[in-house]
Amino acid sequence: MTNSFDIYRRLFGFLRPYRKVVAIAYVSVLFAAGLNLIVPQILKNAIDQGLASGEATALFWAGGMILAIAIVRGAAAFGQRYYGEWITHRIAYDLRNRFYSILQRLPFAFHDQAQTGDLMSRATGDITESERFIGIGLMDLTATIFLMVGVIVAMFLESVQLSLYALGPMLILIYATVRFGGIVRPRFKLIQEQMGLLSSVMQESLTGIGVVKAFAREDHELEKFDEQNEEWFTRRYSLIKVWANNWPLFTLILSASIFLLLWFGGPSALAGEITIGSLFALISYVLMLNGPVQRLGFLVNMAATAGASATRVFEIIDQPVEVADSPDAPELGQIEGHVSFENVGFAYEGGSAVVSDVTFQAHPGQVIALIGPTGSGKSTVTNLIPRFYDPTEGRVLVDGHEIRSVKVESLRKHIGIVLQDPFLFGLTISENIAYGKPDASPEEIVAAATAARAHNFIMETPGGYETKVGERGVTLSGGQKQRLAIARALLYDPRILILDDSTSSVDTETEHLIQQALAVLMEGRTTFVIAQRLLTLKSADMILVLDGGRIVERGTHDELLQGDGLYRRIYDLQLKDQEEFAALMEE
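Take the position in the sequence shown, starting the count at 1, then add 24; the result is the number in the working numbering.
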């Protein structure tokens with residue numbers, strides 16, 4: 025497990041690119057703190073040389089110097105605040121970019137298990153907590169420590185004996201503050217983790233709001249959210265109690281220092297052993313510690329929160345990018361579309377094999393249909409081609425190139441995917457179609473939409489191709505979204521195509537349009553189809569029948585019907601009805 029020192033060291037590393045700005049900010053901080061240390065000395069001289077001696081000039085000089093210090097300190101405070109805030113938000117910018125960049129490159133295996141709400145909580149709340157400390161918080165902590173050290177030195181220069189009396193309680197305060205930080209840090213981590221879980225519950229409920237309302241489960245979702253929210257409050261409340269129990273102690277310790285100074289310093293001043301100005305300066309220095317000491321507790325709190333939050337951020341940043349390019353990986357140039365699986369096996373980490381000993385060849389332009397029971401490994405086989413996962417055994421080749429030996433991005437430029445439930449972004453229709461080819465001309469976009477049988481319904485929308493489709497394409501029907509996904513793949517113009525053939529959720533007319541669009545899309549491409557329809561199986565050049573992660577049969581539709589294996593059973597149970605229905609419709 026990463027220790028606290030490593031976490032803070034990594035956070036400080038984000039300051040390195042901005043050394044000049046950091047230097048200006050910290051010089052301003054230390055200069056302002058140094059000016060504060062001069063004021064008690066000015067007051068001391070005003071009391072001893074002005075009030076005690078009756079010289080009004082000394083008082084005027086003291087007032088003028090304090091005013092001048094205030095003006096200069098104001099300029100230093102501006103530098104501290106301006107550059108401190110700049111550093112704070114620049115670090116947040118860099119950290120959030122790094123976090124998001126890693127998220128984009130993490131493998132499917134990670135995203136299969138990660139909760140979106142928790143990731144959003146880390147990207148927003150946790151990074152915000154981290155930035156507050158590493159920027160302005162760390163500067164305040166530096167100023168506080170510098171001021172405390174300066175006050176201690178100044179007090180010893182006035183009177184060693186009285187300073188020891190006054191600073192004795194301060195040692196207790198330092199111990200109490202450090203102990204306080206050790207208590208609150210793990211509690212803050214628990215709070216941040218619970219906030220991630222709370223965000224996940226909210227995100228899941230809002231994403232599935234249609235299902236929630238359809239089944240009238242609003243009260244159930246509220247109860248589920250309330251349970252997690254209650255747990256968050258309980259954890260936060262336990263921290264509030266720790267804070268409330270410690271804060272009065274900090275104030276009491278400071279008051280004890282004043283008491284000791286007056287108890288022992290008062291008689292010394294009356295006896296003439298020290299001047300009244302010196303005693304007042306000592307009291308001023310102790311009072312000057314009041315703000316820094318209280319800030320110290322707050323800053324320890326902030327540091328603890330930042331440490332807990334940064335731990336959660338770095339947990340994601342440190343995730344291994346399983347599907348990574350080798351250092352000398354070349355670009356995959358133009359391909360014909362030949363795909364080979366050689367004794368391929370795959371298993372999730374710590375799990376049993378999902379597919380085993382899969383071997384086949386797909387020649388350019390062929391249609392390969394995959395069929396089998398749920399969980400037989402059809403999707404896993406197709407996910408291995410674009411390297412969403414890497415095989416744990418054997419190898420996958422494209423045009424003779426082992427796909428792990430070439431750059432992932434160059435591989436995926438040759439592969440198009442159309443799923444049963446395609447995802448659309450909350451952009452315009454034209455932007456969604458051109459997602460894989462953002463530099464496409466309007467004419468190319470229209471041509472792709474026309475070939476995908478989508479142009480007519482697009483022109484019926486209020487803004488045509490500039491109509492925004494809403495989050496996840498919520499304003500469109502399932503068939504419309506699928507045709508836009510086909511248009512997107514057509515414009516991308518891949519040599520290898522992966523698609524889910526299911527159209528069970530659309531009406532007959534829409535299904536016909538989708539099949540026409542798919543026919544255009546598949547023409548001349550090496551196509552892998554997770555087959556659901558008899559028409560696709562009949563037209564496939566090769567059918568792979570999977571069961572238990574293995575290819576148990578292969579061949580054309582007619583060849584497989586001659587046997588008495590799994591394909592024949594699937595045909596009799598599911599596909600034969602499609603054939604009879606098609607024959608009935610032709611009569």
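For glycine and all other residues, C-beta sits at the position ideal for the given N, C-alpha and C.
Of the candidates 489, 390 and 404, 390 places its Cα closest to the Cα of residue 560. Fewer than three beta-carbon pairs drawn from the segment 416 to 426 and the segment 136 to 147 are found closer than 8 Å, and the two stretches are therefore not classed as touching. Following the DSSP letters along the chain, one finds residue 380 inside the beta strand (DSSP E) bounded by residues 377 to 386. When beta bridges are read from the DSSP output, residue 420 appears opposite 365. Looking at the DSSP output, residue 492 sits in a beta bridge with 452.
Look at the segment 427 to 486 and you find these whole runs of alpha helix (DSSP H), each 4 residues long or longer: 432 to 436, 453 to 457, 466 to 475 and 479 to 484. Excluding sequence positions up to five before and after residue 72, its CB lies within less than 6 Å of the CB of 299 and 301, all in the same chain and listed in chain order. The way I'd put it, the segment 156 to 165 does touch the segment 328 to 339; three or more beta-carbon pairs between them come closer than 8 Å. Inclusion of residue 393 and residue 555 in the CB contact set at 7 Å is warranted, their separation being smaller than that value.
Rounded to whole angstroms, the Cβ separation of residue 472 and residue 514 is 4 Å, and the two are in contact under 8 Å.
Nearest to residue 341 by alpha-carbon distance, out of 284, 566, 120 and 431, is 120. Here the segment 44 to 61 does not lie against the segment 129 to 138, with fewer than 3 beta-carbon pairs under 8 Å apart. Contact between residue 396 and residue 570 is confirmed by a C-beta separation of about 4 Å, below the 8 Å threshold. Taking C-beta atoms as the reference points, residue 325 and residue 208 count as a pair closer than 7 Å. Note that the C-beta distance between residue 541 and residue 510 is below 7 Å. In the DSSP assignment, residue 153 falls within the unbroken alpha helix (DSSP H) covering 151 to 156. Residue 169 and residue 222 have their C-alpha atoms spaced approximately 37 Å apart. Under the DSSP assignment, residue 550 falls outside any alpha helix (DSSP H), being part of the beta strand (DSSP E) whose first and last residues are 550 to 554. By the neighbour-count definition (other C-beta atoms within 10 Å, threshold 16), residue 345 is an exposed residue. Collapsing the DSSP output to three states places residue 359 in coil. Taking C-beta separations shorter than 7 Å and ignoring five residues to either side along the sequence, the partners of residue 309 in its chain run 64, 175, 178 and 179, following chain order. Residue 370 carries a strand assignment under DSSP once its states are collapsed to helix, strand and coil. The count of Cβ pairs closer than 8 Å, one atom from the segment 569 to 588 and one from the segment 410 to 419, stays below three, leaving the stretches out of contact. In the structure shown, residue 138 adopts coil according to DSSP, grouped into three states.
In this structure, DSSP gives residue 43 a helical state, which the three-state scheme calls helix.
If you keep only unbroken alpha helix (DSSP H) runs of at least 4 residues inside the segment 180 to 209, you get nothing at all. In this structure, DSSP gives residue 236 a helical state, which the three-state scheme calls helix.
Shortest Cα-Cα distance from residue 379 to any of 575, 105, 259 and 320 involves 575. Residues 186 and 303 of the same chain have their beta carbon placed closer than 6 Å to that of residue 289, with the five preceding and five following residues left out of the count. Contact check between the segment 190 to 204 and the segment 240 to 252: fewer than three CB pairs, one atom from each, fall below 8 Å, which does not count as touching. With the rule of 3 Cβ pairs closer than 8 Å, the segment 444 to 454 does not count as touching the segment 364 to 372. From the listed residues 249, 91, 122 and 360, the smallest Cα separation to residue 230 is found for 249.
In terms of CA proximity to residue 591, 568 leads the group 502, 568 and 573. Take the alpha-carbon of residue 461 and the one of residue 218: they are about 40 Å apart. One alpha carbon belongs to residue 214, the other to residue 164, and they sit about 26 Å apart. Membership of residue 582 in the alpha helix (DSSP H) is indicated by the continuous run 581 to 586.
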